[in-house]
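Residue numbers (the numbering used here), protein chains in the order written: chain A, 9 to 302; chain B, 690 to 1066.
No residue lacks a Cβ here, since even glycine has one placed at the ideal position from N, Cα and C.
See below for the structure under consideration.
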């Protein structure tokens, strides 16, 4: 099994001829991913790392039966790229691109939702199921197949933590990097049900950050709908409070959003909360039902 | 974030049909006096310092004038004033209105619901944080149909408005909604929104434009908050830079890793001061640029925490050693580097050979840099 990305995943890379697109197409291939097509308007007929390039996502899907997209196109064009892939029937789109205006992302999120497509990101490292496939840019070296699921709001901190799990002799079923933008396609609460249903996941590591209330919402979900053990870490306990202009944001999250409220909510929901990243592997080993994670 | 000064926010409001008082901006006492003398700004008038911080009324940054001479005096008293760290360079002169009631209204993003949210309260004119939760209405607005008529009626009912005044609110909210979307605003806040006769008028304007959308609005590119020269350079290089009071500089890639690094440093008694977040990249060129930028901030010690993805650690290490050579001897500082990822052993060897402390463990590195900052290394 694993979550969202499996051995059946066939990836079309949008923006494959750019630097990032090319580099990470190679890395995805080395991970064992079926990268079946690339799209860059005007570059049809060429190829990148042996992958045929098409002018449109529809042509790519028709020729390659791609069922997932990895989007690297620059921010001003990301909205169109996502709408194009959803219209071509893609139901999983990982958006690596950063600096997409949130007004664009609002349109993208609600459009995808109406069409039944899932977005991971934007500004995210993507998703990987070791031994099966990777859609995104998480370094290959941090992974090893196993039974721990990882959901994270961070980028490089995810690599750090996934790597720590590996060095402890444990492996991962699937790791999802949600991205840290104001509007993201998939939140903790959206991702947790997949892991609840996945027979190959025994425990979940949740990496959160200060700001927003996504971790509090996740805690609420865990308390009522999640039966597997959860280990969490919240980055930014010591970060200075951010400066804001206007007070609307504070009104929305009144009384929530600090490291303290997140840690308290997660602990109340039964999660083990690590104080530092390097405490996570031991906590995970402690909550796994058996040595099954090895 | 591009935070617009009040007068710019009100210019934007005028373009979208949100009623604002008659007024103009001035940058000298001569200009202020002239605006009033020619009748461009009617008397009596309000003279408001154009700073971004709140609490201007209590802080002496809002004055009143009944004559051109008084307008001049108010301008002289306000221009050049230091208000909560901002120097007043501009003042807004506006007609003084007879206010009936003050409301609060704003549009911003609700990150959790992933829709814009209309926030309204009948208790305006005070800091909204101090208003009781029950007196604040939060109305999520779906981006596709946009602001619906019933949502506007709900606000009118909350404000206790009917007839032409309710109609005035209806038009005003439509204008705000269009401005929020077309200008790529992060926040549009009117506090207070004043009832003057049977008209609603925005007495203040807080508008924040989203940074990432400035490519669509080149007119905002020049309006930036006051940044230190170092922050400006960092911005140009797409490096997140925060300068605080501590003495340890932190360079890391990614916001989460940067925050985790701070958490660990604090735990071991460190006092982190300058943070450079390279974003998700491990590009050696960017690491080098950040390093040279950090040297200019003159920290006591620097902790470099990079998790390598695509780039090999030895490549990053070589760039770092080269960068260290470029730092003038007087500006050198103890450096503790922690580089993880591909070829980390080779990277660590290169750093150690150049006399740089390098260990793979986060805990050990944090302890080493705290010791160095306290002069114990």
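Residues in the same chain with beta-carbon distance under 7 Å from residue i, minus the five sequence neighbours each way, listed in chain order, please.
| i | result |
| --- | --- |
| residue 113(A) | 130, 189 and 191 |
| residue 266(A) | 218 |
| residue 755(B) | 732 and 733 |
| residue 43(A) | 19, 21, 33, 36, 37 and 59 |
Residues of chain A with CB under 7 Å from residue i, in chain order?
| i | result |
| --- | --- |
| residue 953(B) | 284 |
| residue 809(B) | Those within 7 Å of residue 809(B) in chain A number zero; the least Cβ separation is about 11 Å. |
| residue 832(B) | 114, 115 and 118 |
| residue 949(B) | 165, 243 and 285 |
| residue 873(B) | 109 and 111 |
| residue 870(B) | 111 |
| residue 902(B) | 109 and 111 |
| residue 779(B) | Simply none; closest approach about 17 Å. |
Could you tell me the alpha carbon to alpha carbon distance between residue i and residue j, rounded to whole angstroms?
| i | j | result |
| --- | --- | --- |
| residue 966(B) | residue 858(B) | 44 Å |
| residue 197(A) | residue 205(A) | 14 Å |
| residue 254(A) | residue 782(B) | Only weak support is given to the placement of residue 254(A): the predicted model assigns it a pLDDT of 46, under 50, and the value that follows is read from those uncertain coordinates. Each residue's Cα considered, the two are about 22 Å apart. |
| residue 26(A) | residue 952(B) | 36 Å |
| residue 224(A) | residue 50(A) | 46 Å |
| residue 252(A) | residue 752(B) | Residue placement at residue 252(A) is flagged as unreliable, the pLDDT there being 41, under the threshold of 50; the coordinate-derived value follows with that caveat. Rounded to whole angstroms, residue 252(A) to residue 752(B) spans 26 Å at the Cα level. |
| residue 301(A) | residue 181(A) | Since pLDDT at residue 301(A) reaches only 45, below the 50 mark, its modelled position is unreliable, and the value read off the structure follows with that caveat. Rounded to the nearest angstrom, the two C-alpha atoms are 9 Å apart. |
| residue 10(A) | residue 910(B) | 45 Å |
| residue 211(A) | residue 264(A) | 26 Å |
| residue 987(B) | residue 1019(B) | 10 Å |
| residue 1064(B) | residue 892(B) | 54 Å |
| residue 135(A) | residue 88(A) | 22 Å |
| residue 798(B) | residue 816(B) | 19 Å |
Just the chain A side, please: which residues come within less than 8 Å of residue i by C-beta, in chain order?
| i | result |
| --- | --- |
| residue 899(B) | 109, 110 and 111 |
| residue 772(B) | Chain A residues near residue 772(B): none, gap ~14 Å exceeds 8 Å. |
Could you list which residues in chain B have their beta carbon closer than 7 Å to that of residue i, in chain order?
| i | result |
| --- | --- |
| residue 245(A) | 952 |
| residue 137(A) | Going along chain B, no residue has its Cβ under 7 Å from residue 137(A), so there is no contact; the nearest lies around 18 Å. |
| residue 225(A) | 801 |
| residue 188(A) | 944 |
Below 8 Å between beta carbons: does that hold for residue i and residue j?
| i | j | result |
| --- | --- | --- |
| residue 698(B) | residue 894(B) | yes |
| residue 160(A) | residue 943(B) | no |
| residue 1027(B) | residue 1051(B) | yes |
| residue 282(A) | residue 291(A) | yes |
| residue 232(A) | residue 870(B) | no |
| residue 957(B) | residue 989(B) | no |
| residue 996(B) | residue 946(B) | yes |
| residue 72(A) | residue 149(A) | no |
| residue 202(A) | residue 803(B) | no |
| residue 786(B) | residue 929(B) | no |
| residue 83(A) | residue 101(A) | no |
| residue 792(B) | residue 811(B) | yes |
| residue 708(B) | residue 814(B) | no |
| residue 739(B) | residue 784(B) | no |
| residue 742(B) | residue 243(A) | no |
| residue 18(A) | residue 75(A) | yes |
| residue 874(B) | residue 903(B) | no |
| residue 128(A) | residue 193(A) | yes |
| residue 65(A) | residue 93(A) | yes |
| residue 81(A) | residue 62(A) | no |
Short of 6 Å in beta carbon distance, which residues of its chain neighbour residue i, apart from the five on each side in sequence? Order them along the chain.
| i | result |
| --- | --- |
| residue 32(A) | 145 |
| residue 961(B) | 935, 937, 939, 951 and 954 |
| residue 795(B) | 808 and 878 |
| residue 1035(B) | 1003 |
| residue 979(B) | 928, 940, 965 and 967 |
At 8 Å on the CB atoms, spell out the chain B contacts of residue i, in chain order.
| i | result |
| --- | --- |
| residue 161(A) | 945 |
| residue 191(A) | 798, 800 and 803 |
Among the residues of its own chain, which have a CB less than 8 Å from the CB of residue i, if the five just before and after it don't count?
| i | result |
| --- | --- |
| residue 166(A) | 133, 146, 158, 160, 183, 185 and 215 |
| residue 721(B) | 715, 736, 760, 761, 763, 764, 780 and 782 |
| residue 860(B) | 706 |
| residue 888(B) | 708, 854 and 857 |
| residue 303(A) | For chain A, the structure presents residues 9 to 302; residue 303(A) sits outside this window and is missing. |
Chain A partners of residue i, CB-CB under 9 Å?
| i | result |
| --- | --- |
| residue 1031(B) | 147 and 149 |
| residue 1013(B) | Under the 9 Å cutoff, chain A gives no residues; its nearest Cβ is about 23 Å from residue 1013(B). |
Could you tell me if the beta carbon of residue i falls within a distance shorter than 7 Å of some heavy atom in the ligand NAD?
| i | result |
| --- | --- |
| residue 900(B) | Among the components of this structure there are no ligands whatsoever, and the ligand NAD is therefore not found. |
In chain order, what residues of the segment 76 to 94 of chain A put their CB closer than 8 Å to some CB of chain B?
-> 83 and 84
Would you list, in chain order, the members of the segment 209 to 234 of chain A that have their beta-carbon closer than 8 Å to a beta-carbon of chain B?
-> 215, 217, 218, 220, 221, 222 and 225
What are the residues of the segment 1035 to 1056 of chain B that lie near chain A, defined by any Cβ-Cβ distance shorter than 9 Å?
-> 1050, 1051 and 1052
Below 7 Å between beta carbons is the criterion; list the residues of the segment 841 to 863 of chain B that meet it against any residue of chain A, in chain order.
-> none
For the segment 907 to 940 of chain B, which residues have a beta carbon sitting closer than 7 Å to at least one beta carbon of chain A?
-> 933
Where the segment 166 to 179 of chain A meets chain B: residues whose CB sits under 8 Å from a CB there = 166, 167, 168 and 171
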